[in-house]
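Asker: Okay, handing you the structure first.
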Amino acid sequence: MSKIEYTAVQGKSLAYFALLGGLAFVMLLALLSVWHMEHNGHYVTGMNNQIVWGMPHVFAIFLIVAASGALNVASIASVFRKKIYEPMARLSALLALALLTGGLVVLLLDLGRPDRLIVAMTYYNFKSIFAWNIILYTGFFGFVGAYLWTMMDHNVYKFKPYAGFSAFVWRLTLTTGTGSIFGFLVARSAYDAALMAPMFIIMSFSFGLAIFILVLMASYKWTGMELGDVVVNRLRNLLGIFVASVLYFTAVYHVTNLYATQHHDVERFLLLDGGIFTTVFWIGEILIGGLIPLALIYAPGVKNCRTTLGLICTMIIIGGFSKVYTILIAGQAFPLEIFPGYEVSSSFYDGAINSYTPSLPEILLGLGGIAMSLFIVVFALKVLRFLPVSLADSVADPHAK
Amino acid sequence: MANSHDTSTNTSRRDFLSKAVVAGTITIAPGVLLHTTAQAATGDVSTKAGDESVSSKNRWGMLIDTAKCATGCTDCVDACNKENGLVSHGRPKSDTQYIRKVTLKDKSTGHESSLPLMCQHCETAPCVDVCPTGASFVREDGIALVDKHICIGCRYCMMACPYKARSFVHEEVENQTLTAPRGKGTVESCTMCVTRVDNGGIPACVEACTAENHNAMIFGDLNNPNSTISVALKEQGGKQLRPDLKLNTGVRYQGL
Chain E
1 MSKIEYTAVQ GKSLAYFALL GGLAFVMLLA LLSVWHMEHN GHYVTGMNNQ
51 IVWGMPHVFA IFLIVAASGA LNVASIASVF RKKIYEPMAR LSALLALALL
101 TGGLVVLLLD LGRPDRLIVA MTYYNFKSIF AWNIILYTGF FGFVGAYLWT
151 MMDHNVYKFK PYAGFSAFVW RLTLTTGTGS IFGFLVARSA YDAALMAPMF
201 IIMSFSFGLA IFILVLMASY KWTGMELGDV VVNRLRNLLG IFVASVLYFT
251 AVYHVTNLYA TQHHDVERFL LLDGGIFTTV FWIGEILIGG LIPLALIYAP
301 GVKNCRTTLG LICTMIIIGG FSKVYTILIA GQAFPLEIFP GYEVSSSFYD
351 GAINSYTPSL PEILLGLGGI AMSLFIVVFA LKVLRFLPVS LADSVADPHA
401 K
Chain C
1001 MANSHDTSTN TSRRDFLSKA VVAGTITIAP GVLLHTTAQA ATGDVSTKAG
1051 DESVSSKNRW GMLIDTAKCA TGCTDCVDAC NKENGLVSHG RPKSDTQYIR
1101 KVTLKDKSTG HESSLPLMCQ HCETAPCVDV CPTGASFVRE DGIALVDKHI
1151 CIGCRYCMMA CPYKARSFVH EEVENQTLTA PRGKGTVESC TMCVTRVDNG
1201 GIPACVEACT AENHNAMIFG DLNNPNSTIS VALKEQGGKQ LRPDLKLNTG
1251 VRYQGL
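Protein sequence lines correspond, in order, to chains E and C.
The working numbering numbers the first residue of the first sequence as 1 and each following residue consecutively.
The working numbering numbers the first residue of the second sequence as 1001 and each following residue consecutively.
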């Protein structure tokens, strides 16, 4: 491939500022929600002593997982030397950093004591996977930031392969850490599975690429630059593999659980009797987030249809939220088995299926995280040259017809 | 005259009071001394001086006899709430509970029983493992606590606790007791009434259960083979909850 020319978006149009303004407004609403929650205490949220992690965690974990996956395109270019992905590597790394920032801000602002950030940064319990994650998140900024630097500054360009490889290894470690937050919870029937770590990695591939494709298509459509079918269809095929892989891991998780008698109750809850959780699983996660996108990706009639691809990516994102919601909330809703063989009841809801109704402030905080991620991307695209001037078929693939 | 009469009256009253105090002290003191000495000797209470640091010499624990724990009785819960200044805000799902009464019904036999459930003060506590800042910790003497100064309110310990023993403070805290500091936005749980224990006392729940003559709860030193709790465990046995997790809990149950 010949030398790639990059450009920054002009960012002088009313639409550009309206976009930034709209995102800033959502962030403002999120901040007001945080003030409301922190001023009154978490009783104003839908969370309680039974469901201790609610909607903000769903958003935060989705964004953190997607952040790692958004780096896919860059990794495939620099680690696996696939030239066609090379021009999009800068955007890929930028999106990864932006998504992680949004996710972490949501996570931080949902703490009982967000004012103690400095405590979280200075007191480490090295046996805690949560503490490890704090290091992994910080390291991700460092590695991906350095990688981006090597991509954008010719003086350090020679270090790009090393930076790209380091970022690749780090992002795999990071998502292993995120999955292990649940995998290490031995007490809860729905968690306590080593499979969580690789499943989170494959989830990151899928969610991150879906977001990347949407951002890529929007950037080129709104700037009027050319984005050819060769690149888009390559990404679409890759997305199909990732969606299928997520479905595979989901199936393995449930089938291995179903094999063990002690997990039959929780599986019955998740797959059959869980009410809203069962609905979210089958309709949201499996159908909208898995089977329909998969069918559309490989449907011959809509191969070059951008609208369909946009719809596919949106469905994968909805499915991704459903998956994280099911893992997180349904996993907590199912009661702890402290007394196997007994029917249990108490004033603290022992033995009861816990319910959770997310409150508006929690949802606004989560949306604020998404808005922040997108704000960073939209702003950065104007400040630095992240986008190739053209991704037309002739540029992206010299052998394209 | 009047003055001299008053003086003699005062003198005799003072005389009487001082003799009464002396007599009372002589009568009661040996009993109190003997009781304390006996408890201390058997490892039922702490004997360490106030400025002495906590050591692994002791492992404080509780033994609960479910056969003696009456369904519907909440004496231990009430005492705990009073001791720690826990009040209901009319929101049961988010109200703090250090200890709760759990009703059990054996699925195969239909047998019903009741027991108090609180922090099990595990030796290898999952809450300690997962806490990112080290705010969750287990003292040398086996009491699991939360350092309220470095708890960031992430609630991962609540996710990890196999006994759902922890609560998150969902609102501003008022009327705190001196011995039980609490804070909005942090996590808390049974402290085994650590201040009482450090001063040679026993937890409020055990005290209340004993005072009402239920005697379903025993507190003492698991490391002392002569303590009431160790003797009872040796003679009658006692189970840990979720023994499969191998957490070596400080709280044990009989009758399950």
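From the three backbone atoms N, C-alpha and C, an ideal C-beta is built for every residue, glycine too.
Predicted model only: the values in this text are computed from it and were never measured.
So, does the CB of Lys1093 of chain C fall closer than 7 Å to a CB anywhere in chain E?
Answerer: Residue numbering aside, residue 1093 of chain C sits at position 93 when the second sequence is read from its first letter. Closer than 7 Å: yes.
Asker: Can you find at least 3 beta carbon pairs, one from the segment 14 to 25 of chain E and one from the segment 321 to 338 of chain E, that sit closer than 8 Å?
Answerer: These segments do not touch.
Asker: Residues bridged to Val1146 of chain C by DSSP?
Answerer: Along the second sequence, one-based indexing puts residue 1146 of chain C at 146. Answer is C:Ser1136, bridged to Val1146 of chain C.
Asker: Looking at chain E, is there any beta carbon in it that lies within less than 7 Å of the beta carbon of Arg1059 of chain C?
Answerer: The count along the second sequence starts at 1 and reaches residue 1059 of chain C at position 59. Between Arg1059 of chain C and chain E, the shortest Cβ-Cβ separation is not below 7 Å.
Asker: Counting only beta-carbon atoms, is Arg1100 of chain C nearer than 7 Å to chain E?
Answerer: The residue given as residue 1100 of chain C occupies position 100 in the second sequence. So, interface residue.
Asker: At a CB-CB cut-off below 7 Å, which residues of chain C make contact with Gln50 of chain E?
Answerer: Locating residue 50 of chain E in the first sequence gives position 50, where the first residue counts as 1. Simply Lys1093.
Asker: List the endpoints of the continuous beta strand (DSSP E) containing Phe1219 of chain C.
Answerer: As a first step, residue 1219 of chain C must be located in the second sequence, where it is residue number 219. Residues 1217 to 1221.
Asker: Terminal residues of the continuous alpha helix (DSSP H) containing Asp393 of chain E?
Answerer: Taking the first residue of the first sequence as 1, we reach residue 393 of chain E at position 393. 393 to 396 is the span of the alpha helix (DSSP H), which, as asked, contains Asp393 of chain E.
Asker: Kindly list, in the order they appear in chain E, the residues whose Cβ is closer than 8 Å to that of Lys1107 of chain C.
Answerer: To locate residue 1107 of chain C, count along the second sequence from 1; it is residue 107. Taking a Cβ-Cβ threshold of 8 Å, the residues of chain E close to Lys1107 of chain C are Gly341, Tyr342, Glu343, in chain order.
Asker: Using the Cα positions of His1121 of chain C and Ile84 of chain E, report the straight-line distance between them to the nearest angstrom.
Answerer: Residue numbering aside, residue 1121 of chain C sits at position 121 when the second sequence is read from its first letter. Residue numbering aside, residue 84 of chain E sits at position 84 when the first sequence is read from its first letter. So the two alpha carbons sit approximately 57 Å from each other.
Asker: Taking 7 Å as the threshold (beta carbon to beta carbon), is Arg1182 of chain C in contact with chain E?
Answerer: Your numbering for residue 1182 of chain C matches position 182 in the second sequence. Arg1182 of chain C does not count as touching chain E.
Asker: Mind checking which residues open and close the beta strand (DSSP E) that includes Met1062 of chain C?
Answerer: Your numbering for residue 1062 of chain C matches position 62 in the second sequence. Taken as a continuous stretch (DSSP letters only), the beta strand (DSSP E) holding Met1062 of chain C covers 1060 to 1065.
Asker: Sort out for me which residues DSSP pairs Tyr6 of chain E with in a bridge.
Answerer: Position 6 of the first sequence, counting from 1, holds the residue named residue 6 of chain E. Paired residue(s): E:Pro388.
Asker: Counting C-beta neighbours from all protein chains within 10 Å, is the total for Arg81 of chain E 16 or more, i.e. buried, or is it exposed?
Answerer: Against the first sequence, residue 81 of chain E aligns to sequence position 81. It counts as exposed.
Asker: Kindly give me the distance between the Cβ atoms of Leu95 of chain E and Val230 of chain E, rounded to whole angstroms, as I take these residues to be in contact under 8 Å.
Answerer: Walking along the first sequence from the start, residue 95 of chain E turns up at place 95. Walking along the first sequence from the start, residue 230 of chain E turns up at place 230. Not really, about 21 Å apart at Cβ, beyond 8 Å.
Asker: Within 10 Å of its beta-carbon, does Tyr248 of chain E have 16 or more other beta-carbons around it, so buried, or fewer, so exposed?
Answerer: Reading the first sequence from its first residue, position 248 is the one you call residue 248 of chain E. Tyr248 of chain E should be labelled exposed.
Asker: Cβ of Asp273 of chain E less than 7 Å from any chain C Cβ?
Answerer: Against the first sequence, residue 273 of chain E aligns to sequence position 273. No, Asp273 of chain E lies away from the interface with chain C (no Cβ there is under 7 Å from its Cβ).
Asker: With burial defined as no fewer than 16 other Cβ atoms inside 10 Å of the residue's Cβ, what is the status of Lys1082 of chain C: buried or exposed?
Answerer: Your numbering for residue 1082 of chain C matches position 82 in the second sequence. Under this definition Lys1082 of chain C is an exposed residue.
Asker: Just list the alpha helix (DSSP H) runs in the segment 1189 to 1218 of chain C, keeping only unbroken ones of 4 residues or longer that don't cross its boundaries, in chain order.
Answerer: Segments of the alpha helix (DSSP H) lying fully in the segment 1189 to 1218 of chain C: 1194 to 1198, 1204 to 1211.
Asker: Please identify the residue among C:Thr1096, C:Val1130, C:Val1251, C:Gly1142 whose C-alpha is closest to the C-alpha of Thr181 of chain E.
Answerer: As a working mapping, residue 181 of chain E is identified with position 181 in the first sequence. Note that residue 181 of chain E is Ile in the sequence shown here, rather than Thr. That would be C:Val1130, whose Cα lies nearest to the Cα of Ile181 of chain E.
Asker: If the cut is a Cβ gap below 9 Å, which residues of chain C does Ile338 of chain E touch?
Answerer: Within the first sequence, numbered from 1, the residue matching residue 338 of chain E stands at position 338. In chain order: Val1102, Leu1117, Pro1162, Tyr1163, Lys1164, Leu1241, Arg1242.
Asker: Starting from the Cα of Leu31 of chain E, find the closest Cα among E:Leu384, E:Asp393, E:Ala371 and give me that residue.
Answerer: Position 31 of the first sequence, counted from the first residue, corresponds to residue 31 of chain E. Looking at the Cα atoms, E:Ala371 is the closest of the given residues.
Asker: Could you name the residues that DSSP lists as bridge partners for Thr1103 of chain C?
Answerer: Here residue 1103 of chain C refers to the residue found at position 103 of the second sequence. The partner list for Thr1103 of chain C (beta bridge, DSSP) reads E:Ser345, C:Ser1114.
Asker: Mind checking Ile1080 of chain C: buried by the 16 CB within 10 Å criterion, or exposed?
Answerer: As a working note, residue 1080 of chain C is residue 80 in the second sequence. The sequence given here has Cys at residue 1080 of chain C, not Ile. With 16 or more other Cβ atoms within 10 Å, it is buried.
Asker: When the Cα of Ser68 of chain E is compared with those of E:Phe140, E:Glu343, E:Val266, which residue comes out closest?
Answerer: Within the first sequence, the letter at position 68 stands for residue 68 of chain E. It is E:Phe140 whose Cα lies nearest to the Cα of Ser68 of chain E.
Asker: Does the segment 98 to 105 of chain E come close enough to the segment 1099 to 1107 of chain C to have 3 or more Cβ pairs within less than 8 Å?
Answerer: The segment 1099 to 1107 of chain C and the segment 98 to 105 of chain E do not touch, with fewer than three beta-carbon pairs separated by less than 8 Å.
Asker: Going straight from the alpha carbon of Gly228 of chain E to that of Lys221 of chain E, what length do you get?
Answerer: Translated into the one-based positions of the first sequence, residue 228 of chain E becomes position 228. Translated into the one-based positions of the first sequence, residue 221 of chain E becomes position 221. For Gly228 of chain E and Lys221 of chain E, the distance between alpha carbons rounds to 11 Å.
Asker: Determine the contact status of Leu29 of chain E and Gly369 of chain E, defining contact as a CB-CB distance below 7 Å.
Answerer: Counted from its first residue, the first sequence places residue 29 of chain E at position 29. Counted from its first residue, the first sequence places residue 369 of chain E at position 369. No, they are not a contact pair.
Asker: With 16 as the cutoff for other CB atoms within 10 Å, does Gly1072 of chain C come out buried or exposed?
Answerer: By one-based count along the second sequence, residue 1072 of chain C stands at place 72. Gly1072 of chain C comes out exposed.
Asker: Which residue marks the beginning of the beta strand (DSSP E) containing Tyr1253 of chain C, and which one marks its end?
Answerer: Indexing the second sequence from 1 puts residue 1253 of chain C at position 253. It spans 1251 to 1254 - the beta strand (DSSP E) in which Tyr1253 of chain C sits, taken as one unbroken run.
Asker: Run through chain E and tell me which residues come within less than 9 Å of Pro1132 of chain C, C-beta to C-beta.
Answerer: The residue given as residue 1132 of chain C occupies position 132 in the second sequence. In chain order: Ala120, Tyr123, Tyr124, Asn125, Ser128, Ile129, Phe130, Ala131, Trp132, Asn133, Ile134.
Asker: By the DSSP assignment, the alpha helix (DSSP H) with Phe140 of chain E in it spans what residues?
Answerer: Reading the first sequence from its first residue, position 140 is the one you call residue 140 of chain E. Run containing Phe140 of chain E: 129 to 152, per the alpha helix (DSSP H) assignment.
Asker: Near Leu14 of chain E, which residues of its chain fall below 6 Å by C-beta distance, leaving aside the five closest residues on each side in sequence?
Answerer: By 1-based counting over the first sequence, the position of residue 14 of chain E is 14. If we look at Leu14 of chain E and ignore the five residues flanking it on each side, it has no Cβ neighbours.
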